[in-house]
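What follows is a single structure, written as C-alpha cells, with notes after it.
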Amino acid sequence: DLESARAWIAEQQAIRAREAEQRALPAQTTDGHRVEVSANINLPDQAALALSQGAEGVGLMRTEFLFLERGSTPSEDEQYETYKAMAEALAGRPLIVRALDIGGDKQVAHLQLPREENPFLGVRGARLLLRRSDLMEPQLRALYRAAKDGARLSIMFPMITSVTEVIALREACERIRAELAAPALPLGIMIEVPAAAIQADVFARHVDFFSIGTNDLTQYTLAIDRQNPELAAEADSLHPAVLRLIRQTVAGAERHGRWVGVCGGLAGDAFGAALLVGLGVSELSMTPRDIPAVKARLRASTLSELRELAERALTV
Numbered sequence: 023d024l025e026s027a028r029a030w031i032a033e034q035q036a037i038r039a040r041e042a043e044q045r046a047l048p049a050q051t052t053d054g055h056r057v058e059v060s061a062n063i064n065l066p067d068q069a070a071l072a073l074s075q076g077a078e079g080v081g082l083m084r085t086e087f088l089f090l091e092r093g094s095t096p097s098e099d100e101q102y103e104t105y106k107a108m109a110e111a112l113a114g115r116p117l118i119v120r121a122l123d124i125g126g127d128k129q130v131a132h133l134q135l136p137r138e139e140n141p142f143l144g145v146r147g148a149r150l151l152l153r154r155s156d157l158m159e160p161q162l163r164a165l166y167r168a169a170k171d172g173a174r175l176s177i178m179f180p181m182i183t184s185v186t187e188v189i190a191l192r193e194a195c196e197r198i199r200a201e202l203a204a205p206a207l208p209l210g211i212m213i214e215v216p217a218a219a220i221q222a223d224v225f226a227r228h229v230d231f232f233s234i235g236t237n238d239l240t241q242y243t244l245a246i247d248r249q250n251p252e253l254a255a256e257a258d259s260l261h262p263a264v265l266r267l268i269r270q271t272v273a274g275a276e277r278h279g280r281w282v283g284v285c286g287g288l289a290g291d292a293f294g295a296a297l298l299v300g301l302g303v304s305e306l307s308m309t310p311r312d313i314p315a316v317k318a319r320l321r322a323s324t325l326s327e328l329r330e331l332a333e334r335a336l337t338v
C-alpha cells in the first residue's frame, strides 16, 4: 500500500511540474478555441505571483479587503492609489474590479452596519452600495480617476437581482465619469442569484459583461448555506440545476453579444473549468495556484469534447 501511495505521489508531482513548465502557454483547445484565464486577487502586491502562474489579467479584484484588513474606511485617495497600483502592476493587462462586496460572511465593524438575522439574504453587495452613497461614491470616483490616469479596468457590481439596481448603478457611474471627464469603462454584474441568471437576456441589454460567482449561485440555488459544515458536501456547484443556470446565463448574454466569465470556485477546478467552457463560458478567473492545471486540462481537449461533456452533465 505504501509503495502504491508513493508511486501515486510521484506521478502527481510529475504532472504538476509539467503543468508548471507550460503555465505561460495560452489555454487553447486542440481545435483552436481560446479561453482567457485570469486571477482572483485582493491587492497590487499579489499581481506578480498571479502573472508568474500564467494569469493573463485579473478577473476579480476583491476590493472589500481594502476595508476588511483595517480599522477605518479607506479614503478616496487611498483607494485611487491602490487601483492605480494594481493597473500598473498588470502593465496593461485586463483588470476587473468588483465594487465593494460587504455583507453575508464579510462583516466590517467600522462600517457600523445593522445586525441582520440572515445576512446572506440581507443588505449585501449592490444593495448596500445603493443605500450607502458614502461608500459607493468615493470608490467610483477613485476608479474613474485611475482610469483617467491611464488604468485599463472594468467595474462589476455584486449581488444584483433587478434591472432597477443596474440602471441606478449605471446612472451613478455616468454622473461621476462626467464630473471627472474620465473615459467610459465597461460595466458588468455578478451572476450570483437565480433571479439574475433567469433574466440574463434582460440584464445583457444594460451591461457589458457577466461574471458568475458559482459559490453563491450554488448556495442560493440549492438553499444550502455554504458555511454549514453538515451540508458542505451537498453544496455542489456541479449540480445540474446550477449548470443549467450557467447555460441560461450564457444564452442570455449571447443574444446581445456579451461575454460571460466565471470567478467562483468552479473555475479553478480543472474538471469544472472544462464543463464551463463546454457551456460557453469565455473567461475563467481563479486562485493563482490553480491556473497551471486548468490551462493544461483545456489544452488537452477539443471544444466539441467539452460541449459533449457539458451536455451530459446537464442531464445527470
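Note that the sequence shown covers residues 23 to 338 in our numbering. Ideal Cβ positions, reconstructed from N, Cα and C, are used throughout, including at glycine. No experiment lies behind these values; they were computed from the predicted model shown.
Hey, how far is the Cα of residue i from the Cα of residue j?
| i | j | result |
| --- | --- | --- |
| Glu139 | Leu71 | 39 Å |
| Trp281 | Asp23 | 48 Å |
| Pro180 | Glu41 | 33 Å |
| Arg334 | Leu191 | 38 Å |
| Arg321 | Ala275 | 25 Å |
| Lys170 | Leu112 | 17 Å |
| Ser60 | Val303 | 13 Å |
| Pro141 | Asp291 | 28 Å |
| Ser74 | Ala39 | 14 Å |
| Ser323 | Thr51 | 5 Å |
| Gln34 | Arg28 | 10 Å |
Taking DSSP as the reference, what is the three-state secondary structure of residue i?
| i | result |
| --- | --- |
| Leu207 | coil |
| Glu327 | helix |
| Leu165 | helix |
| Ala226 | coil |
| Glu214 | coil |
| Arg197 | helix |
| Gln75 | coil |
| Ala257 | coil |
| Arg174 | coil |
| Arg321 | helix |
| Ile37 | helix |
| Leu82 | strand |
| Ser184 | coil |
| Arg334 | helix |
Going by C-alpha to C-alpha distance, which of the options sits closest to residue i?
| i | options | result |
| --- | --- | --- |
| Phe231 | Leu175, Pro314, Asn250 | Leu175 |
| Ala77 | Arg92, Asp99, Arg153, Pro314 | Pro314 |
| Asp67 | Ile198, Leu135, Glu110 | Glu110 |
| Glu305 | Ala200, Ser233, Pro160, His261 | Ser233 |
| Pro116 | Glu58, Gln161, His228 | Glu58 |
| Ala107 | Asn64, Gly144, Glu91 | Asn64 |
| Arg227 | Ile189, Ala254, Asn237, Ala204 | Ile189 |
Report yes if the CB atom of residue i is closer than 8 Å to the CB atom of residue j, and no otherwise.
| i | j | result |
| --- | --- | --- |
| Met212 | Asn62 | no |
| Cys285 | Gly235 | yes |
| Gln241 | Ala219 | no |
| Leu202 | Arg167 | yes |
| Gly81 | Gly283 | yes |
| Arg336 | Arg277 | In the sequence as presented, Arg is not what sits at residue 336; that position holds Leu. Not in contact: Leu336 and Arg277 (Cβ atoms no closer than 8 Å). |
| Ala295 | Val316 | yes |
| Val272 | Phe225 | no |
| Ser97 | Pro136 | no |
| Val119 | Tyr105 | yes |
**OP:** Please go through the region 271-311 and give each complete alpha helix (DSSP H) segment of 4 or more residues, from N-terminal end onward.
**Re:** 292-300
Subject >> Complete alpha helix (DSSP H) runs within the region 85-156 (minimum length 4 residues, chain order) >> reply: 87-90, 98-112, 148-153
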